[in-house]
Each structure stands twice: as structure tokens, then as C-alpha cells.
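**Student:**
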Amino acid sequence: MLIACILYVVFGQVTVRKLRKNPKTKDALGLEYASGWDIINVAQAFSLPRSWTKKIENSRFSFMYANATILFENTTKLDQVLGFVFYWLLTISGLSGALLVLLNYLGFFSE
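Read in this note's numbering, the sequence shown has 104 at position 44, and its numbers run on one by one without any break.
1. Pull up the distance between the alpha-carbon of P83 and that of N164, whole angstroms please.
2. With three or more beta-carbon pairs closer than 8 Å as the criterion, would you say the segment 123 to 137 touches the segment 153 to 171?
3. Quick one: using the 10 Å Cβ neighbour count with 16 as the cut-off for buried, is L166 buried or exposed?
4. Please indicate yes or no: does the CB of K114 lie closer than 6 Å to some heavy atom of the ligand COA?
5. When you compare the CB positions of I130 and T85, do they come within less than 7 Å of one another, or not?
6. Please confirm if the segment 112 to 123 is in contact with the segment 64 to 76, defined as three or more CB-CB distances below 8 Å between the two stretches.
7. Please state the DSSP three-state secondary structure of S95.
8. Would DSSP call E171 helix, strand or coil?
Okay, here's the thing in C-alpha cells:
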């Protein structure tokens, strides 16, 4: 989780800041539920398979997600890899934490 937090800051400063300043991409970062949520939206766009992102872009809820097509055109391969690694580390660590809480509640870690 610590590595995911560090990558969150690095990805936000290196990639998403550049995308926010670009007039072509600043409206393609998706809905920001809370401050910094667009960082997760951009990382998700780099992490999901292209067929999924195409379906998302054509759905009624496309405003909630970052536009992967525009983002891939305006970022480098390093930006994309950094977003991919950050997103999956964040997702796996979050799901692992929730699983550990559930297992603890069910008594798997009793003394």
C-alpha cells in the first residue's frame, strides 16, 4: 500500500498535471468525485483492456471515466506504464485489505 501511495503522488505530478494543463485533455479526465480522483481515472484508462474502454466511451456513463483514446494519444509509454502499475497496485492492495478484514471477522486469525 505504501508503494501505491508513493506512485499516486508521482503519477499525479508527472502525468496528470501535464494532462490538466493540455486544452485537448483537460476535459477528458473523467468525473472527479473528490480532489485527486482524476488521477485514478487516468490510471484506470491505462490499465483496462482497450475493448473495455471502447465500450465505456460509447456508453451513457462515459462522462464518469477518462477518455482512453485521447489520453493514449497525448502521453508517453512511460506515463502509461506508470499508470498501469499504480492502478493495479492500488486495486490489489485495497482488495487484499478488505479480504483480510473479512477473514479476521470470520475468525480465521483467532488465537
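Where a beta carbon is used, it is the ideal one built from N, C-alpha and C, also for glycine.
**Tutor:** Reading it off the structure:
1. 48 Å
2. no
3. exposed
4. Inclusion of the ligand COA in the displayed structure is not the case, the ligand content being empty and no account of it being possible.
5. yes
6. no
7. coil
8. coil
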